[in-house]
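Engineer: First the structure, which I've put down as structure tokens, then a few questions once you've had a look.
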Amino acid sequence: MLLTLLFTTFFTVFLAEMGDKTQLTTITLSSTTNKPLAVFIGSSIALILATLLGALAGGSIANLIPAFLLKLLSGIVFLIIGINLIAQSRKESTSES
15 MLLTLLFTTF
25 FTVFLAEMGD
35 KTQLTTITLS
45 STTNKPLAVF
55 IGSSIALILA
65 TLLGALAGGS
75 IANLIPAFLL
85 KLLSGIVFLI
95 IGINLIAQSR
105 KESTSES
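Numbered per the numbering used here, the sequence shown spans residues 15 to 111.
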């Protein structure tokens, strides 16, 4: 069970991080310096700390809010984000035409 959760978390976060602002920033910083290892270490530490904060906050929230309500709220938030992204995309495509 723990191994399944580990792999699921790894692949979900790995896919979510592909092409995001963090990766683009890391690419930019790495391309403007001759120290890619320092950029890798710095961005890795930053991602680890941000993830730690998220995991700790998630654990605390899970103790305060019932699982059903937490899933419902997260689903609603993702729907709002998706609708917002679709609306922005449609607005950009009509302004380009």
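Cβ atoms here follow ideal geometry from the backbone N, Cα and C, with glycine treated the same way.
Keep in mind the model is a prediction, meaning the values are calculated, not measured.
1) Looking at the unbroken alpha helix (DSSP H) that takes in Thr-39, where does it start and where does it end?
2) Which value, in whole angstroms, describes the spacing of the CA atoms of Leu-78 and Asn-98?
3) Going by DSSP in three states, Lys-105 sits in which element: helix, strand or coil?
4) If Leu-84 and Ala-76 are in contact, beta carbons under 8 angstroms, what's the gap, nearest whole angstrom?
5) Nearest-angstrom Cα distance between Thr-46 and Val-27?
Structural biologist: Let's see:
1) Run containing Thr-39: 35–46, per the alpha helix (DSSP H) assignment.
2) Going by C-alpha positions, Leu-78 is about 29 angstroms away from Asn-98.
3) It is helical.
4) About 7 angstroms separates the two Cβ atoms, so the contact holds.
5) Between Thr-46 and Val-27, the C-alpha separation is close to 26 angstroms.
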